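Every letter in the sequence shown is one number past the one before it in full-length UniProt numbering, and letter 235, counting from 1, is 235.
Below you'll find the structure, written out as structure tokens, and then a few comments.
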Amino acid sequence: MSPAPGVSDPLSDRRPSGSDRPVVCPQRNGYGRHMPLVADIGNTRTKLGLFHMGGLKRNMTLTDIRKDVIEGLVGSDDIEAVVISSVVPSSTRRLIDALRELTPLSPLLITHTSDTGLTLAVEHPQRLGTDRIVVAAYAWHYFGAAVAVVDLGTVTTLSVVDNGGRFLGGALIPGVGMMLDSLNQRTALLPHVGAEALAELAKDLLPIGNNTHKAIASGTILATVGAIRHIIGEAQISLGYSVKTVLTGGNCPLVVPFLNGPDLVDSNLSLKGLNYIYERTQ
1 MSPAPGVSDP
11 LSDRRPSGSD
21 RPVVCPQRNG
31 YGRHMPLVAD
41 IGNTRTKLGL
51 FHMGGLKRNM
61 TLTDIRKDVI
71 EGLVGSDDIE
81 AVVISSVVPS
91 STRRLIDALR
101 ELTPLSPLLI
111 THTSDTGLTL
121 AVEHPQRLGT
131 DRIVVAAYAW
141 HYFGAAVAVV
151 DLGTVTTLSV
161 VDNGGRFLGG
171 ALIPGVGMML
181 DSLNQRTALL
191 PHVGAEALAE
201 LAKDLLPIGN
211 NTHKAIASGT
221 ILATVGAIRH
231 IIGEAQISLG
241 YSVKTVLTGG
251 NCPLVVPFLN
261 GPDLVDSNLS
271 LKGLNYIYER
281 TQ
């Protein structure tokens, strides 16, 4: 299928040289004077960030929610708000319980009804993960134009916002780690390739792996790369115009080297999105 007029070939199949490296999102300071603590609770990890004057002051990633660790992040700073996005209800409760000992503030929980600047043009918006809403809202705010946001986490999510700020939907595929687990657990002989081993294999990745571990690495990483390219390409054809491409999430380092042309790569996109949504309410 040929691209529609005005549609570029997304993330073309070319390894980036030094000058082709994707842009890393600068912090846009100064659109607030508050000091909110924001939390993005995902399926595997919880990311916390403390903002001041619109800038990310400190942040951390937790696999286990502990009050003493959160207290270390906050330090002696006065928190003026707590903002939470979560896709794991049980972890939301644990975080709120831990924060209750640090601050009397009631948290602002992001939902599909929150003021994000987007129109959720999807069926059953109440079922839409707030993690997707948050990163899409910030990306659209940042560019002021149509965006496709790829979040490479436990699940690889792709979310599309059109030029008018309408969240149209997107695609969900298994994350890289989920693919690795499935290959090991659903077969008798395939080995489990862990995150550290995969990162090493990715350094010299070839499309044709000459042993089992290399073949697993090639399959999982390049399948993800191919899905991103193809889905964004089809989305642009459907829209009839190009979109800005934004990547975030823990698996970005595995995938970005094989994608030419992301307009933005930012591991803290969800935290900045939560701060942006909070600032909209002030």
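Virtual Cβ for every residue (Gly too), placed ideally from N, Cα, C.
Treat the numbers as computed from the prediction; the structure is a model and nothing was measured.
Item, Value
"Beta-bridge pairing of residue 297 - partner residues as DSSP gives them", "Coverage of the chain is limited to positions 1 through 282, which leaves residue 297 absent and any answer about it impossible."
"Given L95 as reference, the closest of V225, L48, R132 once Cα atoms are compared", "L48"
"Whole-Å CB distance - L239 paired with D131, under 8 angstroms assumed", "Their Cβ separation, rounded to whole angstroms, is 23 angstroms, which puts L239 and D131 out of contact at 8 angstroms."
"Backbone CA spacing between Y276 and V150 [nearest angstrom]", "19 angstroms"
"Start-end ranges of the beta strand (DSSP E) lying completely within the region 53–129, minimum 3 residues", "55–62, 81–86"
"Distance, G75 Cα to E196 Cα", "32 angstroms"
"Cβ shell of T281 (< 7 angstroms), same chain only, five flanking positions each side left out", "D115"
"Start-end ranges of the alpha helix (DSSP H) lying completely within the region 223–267, minimum 4 residues", "252–255"
"Straight-line gap, T220 to S267 (C-alpha atoms, nearest Å)", "21 angstroms"
"Counted within 10 angstroms of its Cβ, other Cβ atoms place A188 as buried (16 or more) or exposed", "exposed"
"Three or more C-beta pairs below 8 angstroms linking the region 121–140 and the region 198–213", "no"
"Validate contact between the region 100–117 and the region 241–250 using beta carbons, cut 8 angstroms, 3 pairs", "no"
"Reduced DSSP category for G273 - H, G, I as helix; E, B as strand; rest coil", "helix"
"Residue nearest to P104 in terms of C-alpha spacing, selected from V134, A81, G261", "A81"
"Contact check, I41 vs T92, beta carbons under 9 angstroms", "yes"
"Cut-off 6 angstroms between Cβ atoms - residues of its own chain near T63, not counting five sequence neighbours on either side", "R45"
"Residue range of the beta strand (DSSP E) that includes V149", "147–152"
"Sequence-distant residues of its chain with Cβ nearer than 7 angstroms to I231 (five each side left out)", "L158, A171"
"For A215 and L37, the rounded distance between their alpha carbons", "42 angstroms"
"Assigned exposure category for A199 - 16 Cβ within 10 Å defines buried", "exposed"
"Cβ pair residue 288, V160 closer than 9 angstroms", "There is simply no residue 288 to check, as the chain begins at 1 and stops at 282 in what is shown."
"Selection from G72, A136, M178, Q185 that minimises the alpha carbon distance to R166", "A136"
"Bridge partner(s) assigned by DSSP for residue 285", "A question about residue 285 goes unanswered here, because the residues of the chain that appear run from 1 up to 282."
"Chain-order list of residues whose beta-carbon lies under 6 angstroms from that of residue 283 (same chain, five-residue window excluded)", "The requested residue 283 is not part of the displayed model; the chain covers only 1 to 282."
"Beta-carbon proximity of G153 to N59, cut-off 9 angstroms", "no"
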